[in-house]
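S.K.: Taking full-length UniProt numbering, the leading residue of the sequence shown gets 1, the next gets one more, and so forth. No residue lacks a Cβ here, since even glycine has one placed at the ideal position from N, Cα and C. In this text the structure is predicted, and so the values were computed from the model without any measurement. Structure incoming, see below.
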Amino acid sequence: MASDKGLQTKFELFAKSAGETEKKLSLENVKRWFKQSGIIGEETGIDNSDVEKAFKKVAKEKLAVDYSELKELIGSLSIEKKIDPQQLMQKLSSSPQGSGSTPEKGSSNTPEKGSSNTPEKESCNTPEKGSSS
Numbered sequence: 001m002a003s004d005k006g007l008q009t010k011f012e013l014f015a016k017s018a019g020e021t022e023k024k025l026s027l028e029n030v031k032r033w034f035k036q037s038g039i040i041g042e043e044t045g046i047d048n049s050d051v052e053k054a055f056k057k058v059a060k061e062k063l064a065v066d067y068s069e070l071k072e073l074i075g076s077l078s079i080e081k082k083i084d085p086q087q088l089m090q091k092l093s094s095s096p097q098g099s100g101s102t103p104e105k106g107s108s109n110t111p112e113k114g115s116s117n118t119p120e121k122e123s124c125n126t127p128e129k130g131s132s133s
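Laid out in structure tokens, this is it:
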């Protein structure tokens, strides 16, 4: 199971790498961390709107949450989605360090094989066979 200290360390590292000045995370950075760790996704049934709702419930009028508020947010999500909070904390504790400036596997920022983002061998400006230059 995730140790509380391990999760707090990840929280502080994530806040620092996300450019947060205090040991707090904005809603956007919480969602980014949750996506990286696999909390937001089909496996858990948690989506962005679930995280936004839980964030607003915990943060109220504030724009960022501290570590204890993050734990409340996790608790709120786990009750709402009937998921063990330790499972969510484990995912967060084992997520990659940092704010995720590099695309994660399978993200929309990563071109997939055969997608329109990958260059195709279409028309080149080379002479056709049999024509002279």
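With distances taken Cα to Cα, identify the nearest neighbour of A64 among F11, V51, Q8 and L27.
M.R.: Numbered from 1 along the sequence shown, position 64 holds the residue referred to as residue 64. Among F11, V51, Q8 and L27, the Cα nearest to that of A64 belongs to L27.
S.K.: Thinking C-alpha only, which one of F14, V30 and G45 is nearest E72?
M.R.: Here residue 72 corresponds to residue number 72 of the sequence shown, with the count starting at 1. The shortest C-alpha separation from E72 is found at V30.
S.K.: DSSP puts L25 in a beta bridge; with which residues?
M.R.: As a position in the sequence shown, residue 25 is number 25, starting the count at 1. Residue pairing by DSSP places L25 opposite V65 in a beta bridge.
S.K.: Over what stretch of residues does the alpha helix (DSSP H) that includes T44 continue unbroken?
M.R.: Numbered from its first residue, the sequence shown carries residue 44 at position 44. Membership of T44 in any alpha helix (DSSP H) is not indicated, and neither H nor E is assigned to it by DSSP.
S.K.: Considering just the uninterrupted stretch of the alpha helix (DSSP H) at G6, what are its terminal residues?
M.R.: Counting from one through the sequence shown, the residue named residue 6 turns up at place 6. Per DSSP, the continuous alpha helix (DSSP H) segment holding G6 begins and ends at D4 to S17.
S.K.: Measuring CA to CA, which of F55, G45, E80 and L25 is closest to A15?
M.R.: Residue mapping note: residue 15 aligns to position 15 of the sequence shown, counting from 1. A15 has its Cα closest to that of L25, out of F55, G45, E80 and L25.
S.K.: Whole angstroms is fine: what's the gap from K10's alpha carbon to V58's?
M.R.: Reading the sequence shown from its first residue, position 10 is the one you call residue 10. Reading the sequence shown from its first residue, position 58 is the one you call residue 58. Roughly 20 Å separates the two Cα atoms.
S.K.: Is K60 helix, strand or coil by DSSP?
M.R.: For the purposes of this step, residue 60 is taken as the residue at position 60 of the sequence shown. Coil at K60, not helix or strand.
S.K.: Count the C-beta pairs between the stretch 82-90 and the stretch 47-62 that are closer than 8 Å, then say yes if the count reaches three, no if not.
M.R.: no
S.K.: Between which two residues does the alpha helix (DSSP H) containing P85 stretch?
M.R.: Looking up residue 85 in the sequence shown gives position 85. P85 to S93 is the span of the alpha helix (DSSP H), which, as asked, contains P85.
S.K.: Could you tell me the alpha carbon to alpha carbon distance between K82 and S17, rounded to whole angstroms?
M.R.: If you number the sequence shown from 1, residue 82 lands on position 82. If you number the sequence shown from 1, residue 17 lands on position 17. In this model, K82 and S17 are separated by some 31 Å (Cα to Cα).
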